[in-house]
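Shown next, in structure tokens, is the structure this report addresses.
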Amino acid sequence: PSSTALGSLDQLKEYLTTVGTCKCGLECPFRPEHVFNFDPKVLSQDFVLS
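Numbering (full-length UniProt numbering), first residue to last: 1 to 50.
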């Protein structure tokens, strides 16, 4: 929602631990390494929240 561009797993983790960042809909415990891939060679896939 903040339009923050994230380019690495570390940036993602820092963003998600920032006070005021919405975490609604994320699995608990959240494991970003299983959800996000910042390798530009990997094609993105649609992700549907259940």
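Backbone N, C-alpha and C define an ideal beta-carbon position, used for all residues, glycine too.
Among the options, whose alpha-carbon lies nearest the alpha-carbon of residue i?
i	options	result
G7	D46, F36 and T17	F36
C22	V42, T4, D39 and L43	T4
P29	F38, K13 and P40	K13
Y15	E27, K41 and S2	S2
Tell me whether the beta-carbon of residue i lies closer than 8 Å to the beta-carbon of residue j.
i	j	result
L9	E33	yes
Could you give the distance in angstroms between the alpha-carbon of residue i and the alpha-carbon of residue j?
i	j	result
G20	L26	15 Å
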